[in-house]
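Chains as they are written, first to last, in our numbering: chain A, 1 to 219; chain B, 220 to 965. Where a beta carbon is used, it is the ideal one built from N, C-alpha and C, also for glycine. Nothing here was measured: the structure is a model prediction, and the numbers come from that model.
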Amino acid sequence: MNARVLVLCGLLGTASWQFAHAGYIHAKAILAQRLLERSWQRSLDGVDAARPWPWADTWPVARLRMARLGVDEIVLAGSSGRTLAFGPAHVDGTALPGAPGLSIVAGHRDTHFEFLRQLAIGDELQVDRADGASVRYRVSDLAVLDARAQRMPLDAAADRLELVTCFPFDAVVPGGPLRYRVLAERVSLAEHALVAGRRRIAGEHGPESKVESFANEVM
Amino acid sequence: MGATSRQRNERQRGEQFGVEFHTRRGTGEQPFPQRLARARLLHLRRRETAANWLALAISLAFYFFLLVGSPAHADPIDGVRAGSLLLRGRGAAALQPAMRVDTAVDAEVSGMIARVTVRQVFRNDGADWMDGVYVFPLSEKSAVDRLQMRIGERVIVGEIREREAARKVFQQAQQAGKRASLVEQERPNLFTTSVANVAPGETVTVEIGYLEALDYDHEHWSLRIPLTLTPRYIPGRDATESPAPPEGPGAPTDAVVQSVAGSPSPPVLLGTRPPDAERITPPTDSGSGDSQHVSIHVSVDAGFRLGSLQSLYHPVQVSESQSLYQVELLEHEVPADRDFELTWSPDVGAATGAAVFTERVGADTYALLMLVPPHEETAAVSPPREVIYIIDTSGSMEGNSIRQARAALQLALGRLRPGDLFNVIRFSDRTETLYVNPVPASREHLDEALEYVGSLQADGGTEMLPALQAAFRMQASAGHLRQVVFITDGAVGNEEELFSLIRTMGAARLFTIGIGAAPNGHFMRTAAAMGRGTFTFIATDRDVQGRMGELFEKIERPALTDIELGWPTGMKAELSASRVPDVYYGEPVVLTARLNIAPVGFVTLSGRGASGFWMRQIPLASARANEGVASLWARNRIEDLLDQRRAGADADKIREQVLALALEHRLVSPYTSLVAVDHTPVRPAGIDSLQSALAHTAPAGSAWAGAQVGYPSTATPARLHVLIGLALLLFALVLVWSPRRIRVRT
């Protein structure tokens, strides 16, 4: 009888441990975004690479908003994967979100980027850059890619934003090869000015800001 | 906490759990599985509980799926080769492969010098004109002196220029639609190749040539060719921020070193973000499947018959004719996911004692000297030691590296003798010391330390500065030789800052152990040189025993110190290094010098060893002529000058001297680059070229390899955890229900 109780306790214990783990993943995803608020403010105040905590190997690079779905998330630097638990991450080697060129941002399909499945072509996304400027993108393409066969493009010719997450959204075991990609084109400046109205977009036309992609800088 | 590592850890834990569960079922020791089987039989008999049984079956099946079912990875889709970049061509609907780079390495070993040619083949498979940037590693001892750009039959030879001037030449060519390539140095072991205006469908080959003096240790020569790099961690503090404790909320605070035993030490500063952080963090390709490829050919003309010739991490085939050995990879091309290392030793009876190589350039003669000191001078047993082990448990160590690091450290702890003192420091983004101060190597302490080391996991950033500071600040004990053994992959971008700290470490000696398939050799070698210690590399599990054994031999015996040279009268020799480094057991003294006259007579080496004073003479007249000695001297001289800058010498003056030397010897340096321009414009005006950063392959066995396939992995195991949890609950329910019935029946 004792053995049975032990086994039962073991099972229940392990079960709660598993639930706790799942909860921890989600809690971290939500809490981190709160903590990031402050370092994002510091970024806006002109601090370069403002780290949310001193030993962090990442920092906020942009803010991603989507009014219809109530999305407001802080995008972190470096898709080394270590940052993805805290927020959507900018992929190294691509342009920064809102900067000229192609920018790729990746996020977890079951936390920060769950909203991607609800995006439709024509939806508008807003990216706030660290220099205070806002840039609008319009969703132009939705696609499922096979990460084994396809590589990330690093195209500096068009101003695009690519949001990438794992696919299918409901898969249980992580680590599958498929990715869901949302491609958004930058809304042209003229149109942007109309949409933005009186909003100050000083950084937009001024001299090239400090946001530059790796490729641009090296060339 | 990194997401990838967390996911992986969790996935591992999940698997472990599954396996554990499996074995428990297999042993049949516990009453639980038997009862389970009986319960199942009973249920089979009792049809009315079919639904219950079904639930059990489902949960069992689910478990089975967890144990066996991992996402299938082998895939026939191979339209696009990995390691390439995809660009969306203008107007084209589908993604197209864009620029790709493959590498061919050709090394010629002659005596103790290797001439290595790295051929980078940039191929543009897209429909647009392309520019490419490729950050890649070379040996940290390399003297890069050649650049050739090949387009079809045409060969354009590169020129050495001051760095800014070279970049201007390259940019102008790029804008004018001319083909061009540029090779720049980011670190002594990290370079950037830029190519401009590669036409659609075209291949441009950039050939980079370098010289290197071979390593000799424990009667083995070795040639190491780095093929990839471990992504470097960039520490947090801005260079512009004052090093004084910052104030105000949100400002980076200093790390506090916490000892496991309690009581925090005084705060120490975190590392500084290097100004060129962007240039040394290229994109990483997972390296799974069909990745970036490399082919390697080495010819070895050692000047004697070889007793052994071995490639440590790649299968090779070797052919020999008259003591000339040709080494080729068994598979013609391999993924560039680990460093290549070839070692050889002379046949019995041909042991190397001393060697001199010279090269005449103009009025000057350059000499490369090597002497293996008498073994008995280092054979004695050293006084009791006080060893501080520092182990890197940052995220980049995840995978094979942390396992090897733990094994190496446990071996090292086992070698301590009674009377020795020790302490263990682990660091990632935070530093933790096992004891506040070093403790005697008693059984209890060692057991405690072994257990502690065995439990270490890799995660987080790589803040080395606080860990080194903690080690240097630790109270020294009288009568003990202080040694710091530093186990790391060196994947950091703030090397200069760390070197400056290591310079100040006083009497202690620093030994570095480079872990992983692609450690930062520049960091290992330079840190050890500044700490007057030595270094070793461990790339695979089977290296641990042998390499650590060699290191123990070195650190447990006294080093040869105060080495001095005496030259024949009338000969003026300008040594490349201002100080002759100490020499450890099994190592030779290696020196490069510029001589004012042709070599005659003897050079005398003397030093302090176990038996006091020792002396050896090397005849200079027997020197072999060898091309490249002059370049190696200049390279070493530059390294020494840059080291003087770290020690506080005037930066402008050093720059001037380095620039002059580099231009004279055509060497790539922090201040000089090689640039090649094809002067006919090829890209039509009105068409732009696209820019791409080319990825390097993730080191084998690291956290970057495998899991991430171009696009980052973007799923958490949260859902999996919930389902496992539910399945377990279901299981528990079944168990609560069924045995009661059994009891009723019996």
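Would residue i count as contacting chain B if we go by Cβ distances under 8 Å?
| i | result |
| --- | --- |
| A:R109 | yes |
| A:P100 | no |
| A:Q118 | no |
| A:P97 | no |
| A:Q126 | no |
| A:A184 | no |
| A:A130 | no |
| A:V75 | no |
| A:P174 | yes |
| A:L69 | no |
| A:A133 | no |
| A:A106 | yes |
Around the C-beta of residue i, are 16 or more other C-beta atoms found within 10 angstroms, so that it is buried, or is it exposed?
| i | result |
| --- | --- |
| B:H551 | exposed |
| B:I774 | buried |
| A:A67 | exposed |
| B:H594 | exposed |
| A:A32 | buried |
| A:L6 | exposed |
| B:L947 | buried |
| A:Q118 | exposed |
| B:D760 | exposed |
| B:E426 | buried |
| B:P777 | buried |
| A:G107 | buried |
| B:T788 | exposed |
| B:R813 | buried |
Once DSSP output is grouped into helix, strand and coil, what is the label at residue i?
| i | result |
| --- | --- |
| A:F113 | coil |
| B:T745 | helix |
| B:P637 | strand |
| B:L954 | helix |
| B:E375 | The amino acid at residue 375 of chain B is misidentified as Glu; the sequence shows Ile. B:I375 falls in the strand class under three-state DSSP. |
| A:A184 | strand |
| B:F523 | coil |
| B:Q694 | coil |
| B:Y671 | helix |
| B:F754 | strand |
| B:M349 | strand |
| B:S966 | In the structure as shown, chain B begins at 220 and stops at 965. Residue 966 of chain B is therefore absent and cannot be evaluated. |
| B:V643 | strand |
| A:L178 | strand |
| B:Q676 | coil |
| B:I906 | coil |
| B:G614 | helix |
| B:G831 | strand |
Could you pull the start and end residues of the alpha helix (DSSP H) that residue i belongs to?
| i | result |
| --- | --- |
| B:K773 | D760 to I774 |
| A:N2 | N2 to L44 |
| A:V172 | Run containing A:V172: none; DSSP gives neither H nor E here. |
| B:Q536 | Run containing B:Q536: none in the alpha helix (DSSP H); it sits in the beta strand (DSSP E), V535 to S540. |
Name the two residues that bound the continuous beta strand (DSSP E) containing residue i.
| i | result |
| --- | --- |
| A:I121 | Careful: A:I121 lies outside any beta strand (DSSP E) and carries neither H nor E. |
| B:F576 | A573 to V580 |
| B:F705 | L700 to T707 |
| B:L548 | L543 to L548 |
| B:S825 | F821 to G828 |
Determine, for residue i, whether the minimum Cβ-Cβ distance to residues of chain A falls below 8 Å.
| i | result |
| --- | --- |
| B:P900 | no |
| B:P777 | no |
| B:T612 | no |
| B:T449 | no |
| B:T500 | yes |
Under the criterion of a Cβ to heavy atom distance below 7 Å, does residue i qualify as lining the ligand HEM?
| i | result |
| --- | --- |
| B:I857 | Only the bare structure without any ligand can be found here, which leaves the ligand HEM out of the picture. |
Inset, instruction - Give the residues from the region 790-820 of chain B that approach chain A closer than 9 Å (Cβ to any Cβ), ordered along the chain. - result: Taking 9 Å as the Cβ-Cβ cut-off against chain A, none of the residues of the region 790-820 of chain B qualify.
Inset, instruction - Anything in the region 930-958 of chain B with a Cβ closer than 7 Å to a Cβ of chain A? List those residues in chain order, please. - result: Cβ proximity to chain A below 7 Å picks out Y930, P931, S932, T933, A934, T935, P936, A937, R938, L939, H940, V941, L942, I943, G944, L947, L948, F950, A951, L954, V955 and P958 from the region 930-958 of chain B.
Inset, instruction - Could you please tell me which residues of the region 25-52 of chain A, in chain order, have their CB closer than 7 Å to any CB of chain B? - result: Listed by position, the residues of the region 25-52 of chain A near chain B (Cβ gap below 7 Å) are I25, H26, R38, S39, R42, D48, A49 and R51.
Legend entry - Contacting positions in the region 644-667 of chain B - beta carbon closer than 7 Å to chain A: Answer set for the region 644-667 of chain B: D648 and R649.
Inset, instruction - For the region 520-538 of chain B, enumerate the residues whose C-beta is nearer than 7 Å to any C-beta of chain A, in chain order. - result: Residues of the region 520-538 of chain B with a C-beta less than 7 Å from any C-beta of chain A: none at all.
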